[in-house]
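In the numbering used here, the protein residues as written are 2 to 68.
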């Protein structure tokens, strides 16, 4: 289970470092991580101001532009 959870992180990291294309797997991974972050924000105020890096935000914006 832990390996599956870290897979999204690896996919996004590889896309940021240009080791892989910004494909459907990258977009799905960004989406999963965004959902997890939102759940954390709802559960604990300590995460209220946490945001993705500009690189991850750029990946997400590119997905919207491509769709």
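Here a beta-carbon is modelled for each residue, glycine too, at the ideal position from N, C-alpha and C.
Short of 8 Å in beta carbon distance, which residues of its chain neighbour residue i, apart from the five on each side in sequence? Order them along the chain.
| i | result |
| --- | --- |
| residue 60 | 13, 16, 17, 23, 27, 28 and 31 |
| residue 44 | none |
Give the secondary structure of residue i by DSSP, where H, G and I count as helix, E and B as strand, and everything else as coil.
| i | result |
| --- | --- |
| residue 50 | coil |
| residue 15 | helix |
| residue 23 | coil |
| residue 8 | helix |
Going by C-alpha to C-alpha distance, which of the options sits closest to residue i?
| i | options | result |
| --- | --- | --- |
| residue 7 | 46, 34, 25 and 21 | 34 |
| residue 25 | 36, 9, 39 and 37 | 9 |
Excluding the 5 residues preceding and the 5 following residue i in the sequence, name in chain order all residues of the same chain whose CB lies nearer than 6 Å to its CB.
| i | result |
| --- | --- |
| residue 56 | 17 |
| residue 48 | 41 and 42 |
Between residue i and the ligand ADP, is the CB less than 7 Å from at least one heavy atom?
| i | result |
| --- | --- |
| residue 20 | Among the components of this structure there are no ligands whatsoever, and the ligand ADP is therefore not found. |
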